[in-house]
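**Student:** When you line the sequence shown up against my numbering, it's residues 6 to 201, in that order.
Heads up, the beta-carbon is just placed ideally off N, CA and C, and yes, glycines get one too.
Once you've had a glance at the structure underneath, I'll fire off some questions.
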Amino acid sequence: MWQALVNDIPSPRIDMLQNLDPISGTAAFRKGDLKLCYGIPPSTYDFWYGPSGLETFGGPATYDWVFRNGSIVRDVLQEMDMWIVDDPDEVYGNLRLTCELPPGNEIVQCLSIKNPCLFNITDDPCEYYNIAAQYPEVVNEMTEVILKYKSEEMWPQNKLRDPTANPMCHHFLHVPWLDPEYRKKCDFLSSFTKTK
C-alpha cells in the first residue's frame, strides 16, 4: 500500500469495508468502482446533506491549525523529499466532492431499509443512481462479504467521549492520549470552539 500511496500507482487493494456499525446495523462496502450500502440508516442521516456535505459543519474554516505546532509526519516526509502539501486548504479543497441537488425524477431512490443499494461511484460519485436491480448477483456477493464481517464484529465498549482523544488533536495520529506526554491543550478543539 505504501508504494501505491507515495508513487501514485494503482492500489493492490480493490475492496474496502467503509462502515460497519453494530448499533445501527448499517454497513458500506466497496469493491472496485462499486459501493454497497446495507442496513437501515438512522433517520438523522437519511437525507440530502447539500452540495458538499459540509454546510452544517461547525469545525475550523482553515486547516492552518493542523501544522501550527509542527507535525512528525510532515517532518519525516519532508526529510524523505516526499512532502507534497504546500497549502493544506488547497489540497483539502481539491479533494472535496461537490454534488448538486439530486436530479429529480431521474434519481433511483436508495431505500436500504428494504434492500441494499448499489452505486457505481466512479460514474456516479454523488450516489444518485441505485443500480442494485440491474446487478443482483453483485449485490448478493457484496452482501455476503458484509455478513461475514458482521459475524466477527464486536459490540462497542462505550465509555464517555473524551474530545482530547480525537486524532486531530495529535496531528492526525492515534496516540495514548491519557499519557502525560499527550495531555496538552488541543488546537483542534480550540479552533472548533472559536468557529461556532
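#1: Among all the DSSP beta bridges, which residues are the ones paired with K40?
#2: My output table needs one value for N24: the three-state DSSP class, helix, strand or coil.
#3: What does the alpha-carbon distance come out to for the pair K164 and A32?
#4: Can you tell which of R166, K40, C191, D184 has the C-alpha that lies nearest to the C-alpha of F177?
#5: Taking a contact to mean a Cβ-Cβ separation below 8 Å, would you say C115 touches C122 in this structure?
#6: Once the 5 residues before and after S76 are set aside, which same chain residues still bring their CB inside 6 Å of it?
#7: Alpha carbon to alpha carbon, what distance is there between P27 and W160?
#8: Within 10 angstroms of the Cβ of K40, are there 16 or more other Cβ atoms? Answer buried if so, exposed if not.
#9: What is the DSSP secondary structure of Y187, counted as helix, strand or coil?
#10: Taking Cβ to Cβ, would you say N120 is nearer than 8 Å to A137?
#11: Just verifying my parser: in three-state terms, what is the DSSP assignment at Y140?
#12: Within 10 angstroms of the Cβ of N145, are there 16 or more other Cβ atoms? Answer buried if so, exposed if not.
#13: Drop a sphere of 10 angstroms on the beta-carbon of I151, count the other beta-carbons inside from all chains shown, and report buried for 16 or more, exposed for fewer.
#14: Would you identify the three-state DSSP class for T198, choosing helix, strand or coil?
#15: Ends of the alpha helix (DSSP H) at L10?
**Tutor:** Taking the geometry as given:
#1: Your numbering for residue 40 matches position 35 in the sequence shown. Answer is R35, F124.
#2: The count along the sequence shown starts at 1 and reaches residue 24 at position 19. Reduced to three states, the DSSP call for N24 is strand.
#3: Looking up residue 164 in the sequence shown gives position 159. Looking up residue 32 in the sequence shown gives position 27. K164 and A32: Cα-Cα distance of roughly 22 Å.
#4: The residue given as residue 177 occupies position 172 in the sequence shown. Residue C191 is the option with its Cα nearest to F177.
#5: Locating residue 115 in the sequence shown gives position 110, counting from the first residue. Locating residue 122 in the sequence shown gives position 117, counting from the first residue. Yes; because the gap between Cβ atoms is below 8 Å, this pair is in contact.
#6: Reading the sequence shown from its first residue, position 71 is the one you call residue 76. Excluding positions up to five away in sequence, the list reads H176.
#7: Within the sequence shown, residue 160 is the residue found at index 155, counting from 1. Within the sequence shown, residue 27 is the residue found at index 22, counting from 1. Roughly 6 Å separates the two Cα atoms.
#8: Looking up residue 40 in the sequence shown gives position 35. Buried: at least 16 other Cβ atoms inside 10 Å.
#9: Taking the sequence shown and counting its residues from 1, one reaches residue 187 at position 182. Helix.
#10: Sequence index remark: in the sequence shown, residue 120 carries index 115 (1-based). Sequence index remark: in the sequence shown, residue 137 carries index 132 (1-based). Yes, Cβ-Cβ distance for N120 and A137 is below 8 Å.
#11: Here the question's residue 140 lines up with position 135 in the sequence shown. Here Y140 sits in coil by DSSP.
#12: The count along the sequence shown starts at 1 and reaches residue 145 at position 140. Exposed, because fewer than 16 other Cβ atoms sit within 10 Å of the Cβ of N145.
#13: The residue labelled residue 151 in the question sits at position 146 within the sequence shown. With 16 or more Cβ atoms within 10 Å of its Cβ, I151 is classed as buried.
#14: If you number the sequence shown from 1, residue 198 lands on position 193. Caution applies to T198, whose pLDDT of 49 falls short of 50 and renders its modelled position unreliable; the value that the coordinates give is listed next. Three-state result, T198: helix.
#15: Here residue 10 corresponds to residue number 5 of the sequence shown, with the count starting at 1. Where L10 is concerned, the enclosing alpha helix (DSSP H) stretches over 7-12.
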